[in-house]
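J.:
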Amino acid sequence: MRGDSATGLSLSGISHAFGKNRVLDNVSVDVAPGELVCLLGPSGCGKTTLLRIAAGLEPLQTGRVAIDGVAIAEGGKAGELPPERRGIGLMFQDYALFPHRNVRDNIAFGIDKKKGGRRADWIDDALAQMGLTNHADAYPHTLSGGQQQRVALIRALAPGPNILLLDEPFSGLDVGRRAQIRADTLDFVKKTGVAALMVTHDPEEAMFMADRIFVMNDGRVVQSGSPVDLYFQPANAFVAELFGPVNRFVGTVHDGSVETPLGKFNAGTLAEGSAAEVMIRPEAFRLSTEDSEPKPMPGDPDDLVVVSQPLEVLTARPLGRSSYLLLSIGNGCSVETRIPGAFLPGAGSMVRAGINPRLAHVFAAAAR
Ligand SMILES: Nc1ncnc2c1ncn2[C@@H]1O[C@H](COP(=O)(O)OP(=O)(O)OP(=O)(O)O)[C@@H](O)[C@H]1O
Ligand SMILES: [Mg+2]
């Protein structure tokens, strides 16, 4: 938290209920100018509601919304600043372009140059940067989903807002084009220097786009931090599982570590004798053929957790950039692994395994 007087957008202590359904519980999120913050969480956890409160589309019940240190809405107090006076650009999932205006008129709509709105040359530059120069006179229904997305983004930024709110801006796009459009969007948003708050439920998208991620569950922020922090140091099993599949083991803490069929993992501060769960990511595994030792990859700590026994390959499938291997660990149990490149030993062959402990997360066992 950067404190109340910080520039950019500051949402503090926001709680919200629809009737008896409490959907936000004491949520605080702040976004600095030039920063892109993602709200990441499962469907129904309150992401859109928080964005709508920030925009003034949903009346604030409890908490405080401030822009550049000035409160524009405070729970229980009259005089909320109306949406159009907040200097906030909005882009929602459906883009909401005006069907009877062409691209240029869609973008120019609502620009007030006296209030810092962009001029025609800014719009020309933006269209060029987004590859839309030849579509300036086109109507929305003649554009692809990706092109409409870009028009909606330029339109949201054309009035020159200091804050940009994006709600699942890529969800309507097919996976193939999403990566490029994400990269272009990130570049474009960063150049404007706005404080951007983006909602997504795609962890990879959040990691790609965000300077910081706020993970939400059930109306609360469960963890916030940089993408690397969240991926390597999830605060709990929920966050660990949100960032991708895991192989899960349960065990008891003994002498500071938890024993699993794959070896011992550091239990951190968990109490001696307590129940723990170990979550090992498929990409934690380093494999080698039976006659050699698994080696750390660049970025790994020197000491892998070495699996003492060779493991039988049940399945090995190519995924293009990586290979998926299902390995038997005995007693009818197996682990999923993901290895960079093409490592495709035949089913029934044996491999040796080491595990990057930074990708094995240990938590107090949760009741399930
Ligand atoms: N206007 C409303 N009236 C009543 N309940 C609402 C209203 N808007 C949202 N809700 C409820 O509030 C909860 C949070 O909804 P919200 O749209 O904020 O979730 P979300 O995190 O954006 O989910 P998704 O990822 O599916 O878009 C849900 O249970 C939803 O049904
Ligand atoms: Mg939503």
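Each residue of the sequence shown is one higher than the one before, counting from 2 in my numbering.
Beta carbons are placed, not taken as given, at the ideal position from N, Cα and C, and that holds for glycine.
Since the model is a prediction, treat every value here as computed from it, not as a measurement.
1) Would you mind reading off the limits of the alpha helix (DSSP H) that contains Leu128?
2) Confirm the yes/no value for this check: CB of Gly45, any heavy atom of ligand 1, distance under 6 Å.
3) So which residues touch the region around ligand 2, with touch meaning a C-beta under 7 Å from any heavy atom?
4) Cutting at 6 Å between CB atoms, please list the residues of its own chain near Val307, excluding the five before and the five after it.
5) Please report the residue range of the beta strand (DSSP E) in which Val251 lies.
6) Could you tell me the boundaries of the alpha helix (DSSP H) in which Tyr232 lies?
7) Say the cut is 6 Å; is the CB of Phe215 nearer than that to a heavy atom of ligand 1?
8) Please determine whether the Cβ atom of Phe233 lies at a distance below 6 Å from any heavy atom of ligand 1.
9) So does the segment 153–160 actually touch the segment 113–131, counting three or more Cβ pairs closer than 8 Å?
10) Less than 7 Å separating the beta-carbons of Val104 and Ala137?
11) Using the beta-carbon count (16 or more within 10 Å), is Thr316 buried or exposed?
12) State whether the segment 16–29 contacts the segment 81–88, with contact taken as three or more CB pairs (one from each stretch) at a distance under 8 Å.
13) Using a threshold of 7 Å, state whether the C-beta atoms of Arg213 and Ser227 are closer than that.
14) So is Thr201 buried or exposed if we call it buried at 16+ other beta carbons inside 10 Å?
15) Helix, strand or coil: which one does DSSP assign to Met298?
T.: In brief:
1) 121–130
2) yes
3) Lys48, Thr49, Asp168, Glu169, Val200
4) Gly355
5) 248–255
6) 228–233
7) no
8) no
9) yes
10) yes
11) exposed
12) no
13) yes
14) buried
15) coil
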